[in-house]
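If you read the sequences in order, they're chains A and B.
Under the working numbering, the letters of the first sequence match residues 10 to 336, in that order.
Under the working numbering, the letters of the second sequence match residues 10 to 336, in that order.
There are 2 protein chains.
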Amino acid sequence: MAKNKTSAFKAVILAGGNGERFWPLSTPERPKQFLKVFGGESLIRQSVSRLAGLVRSEDVFIITSKDLVAATRKELPEIPASNIIGEPMRRDTGAAVALGAGVAGDGVIGFFPSDQMVADATAFRHTVSLAAAIAARSAKIVTIGIKPTFPATGFGYIDPVSKKFVEKPDERAAKGYLKAGYLWNAGMFIATAQTFKAELSEHAPALLPLVENGAANLAKTYEELPKISFDFAVMEKSSNVDVVPGDFGWDDVGSFSAFDRYFPHDSRRNVREGPCTVVDSEDNICVARSARISLLGVKNLVVVTTPDAVLVADKSKIAEMKKLFAK
Amino acid sequence: MAKNKTSAFKAVILAGGNGERFWPLSTPERPKQFLKVFGGESLIRQSVSRLAGLVRSEDVFIITSKDLVAATRKELPEIPASNIIGEPMRRDTGAAVALGAGVAGDGVIGFFPSDQMVADATAFRHTVSLAAAIAARSAKIVTIGIKPTFPATGFGYIDPVSKKFVEKPDERAAKGYLKAGYLWNAGMFIATAQTFKAELSEHAPALLPLVENGAANLAKTYEELPKISFDFAVMEKSSNVDVVPGDFGWDDVGSFSAFDRYFPHDSRRNVREGPCTVVDSEDNICVARSARISLLGVKNLVVVTTPDAVLVADKSKIAEMKKLFAK
Numbered sequence: 010m011a012k013n014k015t016s017a018f019k020a021v022i023l024a025g026g027n028g029e030r031f032w033p034l035s036t037p038e039r040p041k042q043f044l045k046v047f048g049g050e051s052l053i054r055q056s057v058s059r060l061a062g063l064v065r066s067e068d069v070f071i072i073t074s075k076d077l078v079a080a081t082r083k084e085l086p087e088i089p090a091s092n093i094i095g096e097p098m099r100r101d102t103g104a105a106v107a108l109g110a111g112v113a114g115d116g117v118i119g120f121f122p123s124d125q126m127v128a129d130a131t132a133f134r135h136t137v138s139l140a141a142a143i144a145a146r147s148a149k150i151v152t153i154g155i156k157p158t159f160p161a162t163g164f165g166y167i168d169p170v171s172k173k174f175v176e177k178p179d180e181r182a183a184k185g186y187l188k189a190g191y192l193w194n195a196g197m198f199i200a201t202a203q204t205f206k207a208e209l210s211e212h213a214p215a216l217l218p219l220v221e222n223g224a225a226n227l228a229k230t231y232e233e234l235p236k237i238s239f240d241f242a243v244m245e246k247s248s249n250v251d252v253v254p255g256d257f258g259w260d261d262v263g264s265f266s267a268f269d270r271y272f273p274h275d276s277r278r279n280v281r282e283g284p285c286t287v288v289d290s291e292d293n294i295c296v297a298r299s300a301r302i303s304l305l306g307v308k309n310l311v312v313v314t315t316p317d318a319v320l321v322a323d324k325s326k327i328a329e330m331k332k333l334f335a336k
Numbered sequence: 010m011a012k013n014k015t016s017a018f019k020a021v022i023l024a025g026g027n028g029e030r031f032w033p034l035s036t037p038e039r040p041k042q043f044l045k046v047f048g049g050e051s052l053i054r055q056s057v058s059r060l061a062g063l064v065r066s067e068d069v070f071i072i073t074s075k076d077l078v079a080a081t082r083k084e085l086p087e088i089p090a091s092n093i094i095g096e097p098m099r100r101d102t103g104a105a106v107a108l109g110a111g112v113a114g115d116g117v118i119g120f121f122p123s124d125q126m127v128a129d130a131t132a133f134r135h136t137v138s139l140a141a142a143i144a145a146r147s148a149k150i151v152t153i154g155i156k157p158t159f160p161a162t163g164f165g166y167i168d169p170v171s172k173k174f175v176e177k178p179d180e181r182a183a184k185g186y187l188k189a190g191y192l193w194n195a196g197m198f199i200a201t202a203q204t205f206k207a208e209l210s211e212h213a214p215a216l217l218p219l220v221e222n223g224a225a226n227l228a229k230t231y232e233e234l235p236k237i238s239f240d241f242a243v244m245e246k247s248s249n250v251d252v253v254p255g256d257f258g259w260d261d262v263g264s265f266s267a268f269d270r271y272f273p274h275d276s277r278r279n280v281r282e283g284p285c286t287v288v289d290s291e292d293n294i295c296v297a298r299s300a301r302i303s304l305l306g307v308k309n310l311v312v313v314t315t316p317d318a319v320l321v322a323d324k325s326k327i328a329e330m331k332k333l334f335a336k
């Protein structure tokens, strides 16, 4: 793969979020990657900015849904408009990675989520550079593994010895993984275009047309695609995986509990964003984006108001937000 | 007191509520007596209507705050405008009763709160008629005692043997009162104008100017008045008290818990008024007057939204609403 060593490093940002986990702050029209509550700038803006110096703007590609192309182009004006590609329908990350590989073309390509936080961008770039160097010299998909801080059941894991991917565990299995030194799968994948194509060809041939045709004729192609994650389609099956451990203050900002990490607390551990009156209440996350919220004698709630919706949820049930949309 | 037997029975409705207990549905500008959620009509409208046949419209007087006079006149167009009197400032029910006695003039006068529910208006009128007849033939303040259904700490009680008033008890005392057959003080007082004057003269002489001057020169008079309830000023001290037990489905509609009595419940005991989505949640009162409310995994909450405010309170803390306004 020596010929790729001199190619530019390209980045594909996966921005297919559907706005459910931060509803009603985020919505299908303004999903999580557009949230500006964490770090002042939108998460997608931060995701692109932290690659500065590592990838040229013209080598950054964004895969998003067709309804979000205009908003994404507005948010990222330095990226060529034709690099921001809208999927005609949701087909999970399997299709998005294949499409990204198709449009990015030759060279080493890194795939990155659009909705994560990184505290130390310099350390992040060092880790990604190392992963890209390994990818350029091997036929492996190099992933970045995050040292777990708790037995999360919401992430997949990577065994750094066998380089095997394992899917989201139950809590008991997660505790075992922590003991064994497994790392979190942060959803970042770095490999040459050839390697992506070879791995897709072997494990998910249905996705190959996207690699071959790029953004041409998407509507017709997508309709026939399986809805499958890249983890499940490729990473959990492939033997050509490598891992670079990353330690750069990674946070997936996965749910409202992120407010507890990024906002100051009052003396009774309440987070208040916007006009919140709090009496005899503790451990709540209160986010007022319309009328003032008054909390009286409540504990452990997430209360969020926008002009369009009011959410009152127990913190422990936040992972079950999808149930609200099923109604 | 035989001369009063032929006088018309007069009614004074005490409508001085400040809108705190049903906030944010009620507000200082639209206090509880204007709420239409219970029984379709406003509580003050119902309070006047249930006296029909017992009191002529021109013999109904309303004591309210000066800011609510216009709204009250609009709500009760059949009552002469000059019978609807605004207090210049809040001085509790002591002043309101004295003022009512002053403006109502001679005869038997009944005082009634403006914000209660009565299920059986016919039985109510029978009870009030009996109380008025006793009042006309005695020098007593006749009160209507409600048979308690639980050891309430939010009401005063009346001992039907000694005819003594006792103030709001703690829970232990309340249980003793129930055992002893005490009745709830529903805040209804019936007596001749002379009796009211005599009792005020003896126990609360500071309030006498109101009885003598009626609505004249109120601003100046009120400023110097003590802030004291009629129960405390007179009823708990007087020996001239009588009690007529009432059984007409009385409810003081004292707090949001009234929603549990007046609205249907879903299979998990939630009350829903307006657009409420409820998932894995039970025993909540959800009142949506602006955006849709979504409840996820919560219990025993009162959640109320209006365009101006959002309340999220534990049901058990609803009695402590005042703490919110202190902030």
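Idealized CB from N, CA, C, for every residue including glycine.
| Query | Result |
| --- | --- |
| Neighbouring residues, chain A, relative to residue 326 of chain B (Cβ below 7 Å) | 289, 305 and 306 |
| Within chain B, partners of residue 321 of chain A - CB distance below 8 Å | 302, 303, 304, 305, 307, 310, 312 and 321 |
| Candidates B:124, B:163 and B:154, of which the one nearest residue 170 of chain B by Cα | B:154 |
| Three or more C-beta pairs below 8 Å linking the stretch 271-285 of chain B and the stretch 298-305 of chain B | yes |
| Same chain only: Cβ atoms within 8 Å of residue 51 of chain A, ignoring 5 sequence neighbours per side | 42, 43, 44, 45 and 84 |
| Cutoff 9 Å: residue 276 of chain A Cβ touching any chain B Cβ | no |
| Within chain B, partners of residue 267 of chain A - CB distance below 9 Å | Neighbours of residue 267 of chain A on chain B: none; closest Cβ ~17 Å, over 9 Å. |
| Beta-carbon contacts of residue 234 of chain A that lie in its chain and below 6 Å, excluding the five residues immediately before and after | 100 and 104 |
| Interface flag, residue 34 of chain B vs chain A, CB-CB below 9 Å | no |
| Spatial distance of residue 330 of chain A from residue 166 of chain A (CA atoms) | 23 Å |
| Where residue 251 of chain A sits in the DSSP three-state scheme | strand |
| Residues that DSSP places opposite residue 32 of chain A in a beta bridge | Residue 32 of chain A pairs with nothing; no bridge assigned. |
| Cβ-based contacts, 9 Å cut-off: residues of the stretch 155-175 of chain B near chain A | none |
| CB contact check: residue 45 of chain A to chain B, cutoff 9 Å | no |
| As assigned by DSSP and simplified to three states, the class of residue 310 of chain A | strand |
| Same chain, Cβ closer than 7 Å to residue 127 of chain A, neighbours up to 5 away in sequence not counted | 59, 133, 257, 258 and 259 |
| Option in B:240, B:212, B:175 and B:78 with minimal Cα separation from residue 120 of chain B | B:240 |
| Opposing strand residues paired with residue 297 of chain B [DSSP bridges] | B:314 |
| Nonlocal neighbours in the same chain, by C-beta distance under 6 Å from residue 322 of chain B, ignoring five residues either side | 311 |
| Contact with chain A by residue 329 of chain B, beta-carbon distance below 9 Å | yes |
| Environment of residue 11 of chain B [buried if 16+ CB atoms lie within 10 Å] | Annotation note: pLDDT 39 at residue 11 of chain B (below 50); position unreliable, no value reported. |
| Below-9 Å beta-carbon distance, residue 366 of chain B vs any chain A residue | Chain B is shown from 10 up to 336; residue 366 of chain B falls before or after that span and cannot be answered. |
| Simplified DSSP assignment, three categories, for residue 60 of chain B | coil |
| Beta carbon proximity, residue 216 of chain B to chain A, threshold 9 Å | no |
| Residue 142 of chain A and residue 68 of chain A closer than 9 Å at C-beta | no |
| Cβ contact check for the stretch 178-196 of chain B and the stretch 216-231 of chain B: 3 or more pairs under 8 Å | no |
| Where residue 124 of chain B falls, given that 16 or more other Cβ within 10 Å makes a residue buried | buried |
| Any 3 or more C-beta pairs closer than 8 Å across the stretch 202-215 of chain A and the stretch 236-252 of chain A | yes |
| Chain B contact for residue 201 of chain A (CB, 9 Å cutoff) | no |
| Minimum C-alpha distance to residue 21 of chain B - residue among B:65, B:38, B:39 and B:276 | B:65 |
| Beta bridge counterpart(s) of residue 65 of chain A as assigned by DSSP | Beta-bridge pairing links residue 65 of chain A to no other residue. |
| Nearest-angstrom Cα separation, counted from residue 277 of chain B out to residue 308 of chain B | 10 Å |
| Simplified DSSP assignment, three categories, for residue 273 of chain B | coil |
| Closer than 9 Å to chain B by CB, residue 316 of chain A | yes |
| Cut-off 8 Å between Cβ atoms - residues of its own chain near residue 76 of chain B, not counting five sequence neighbours on either side | 37, 38 and 95 |
| C-beta neighbour in chain B for residue 264 of chain A, strict 9 Å | no |
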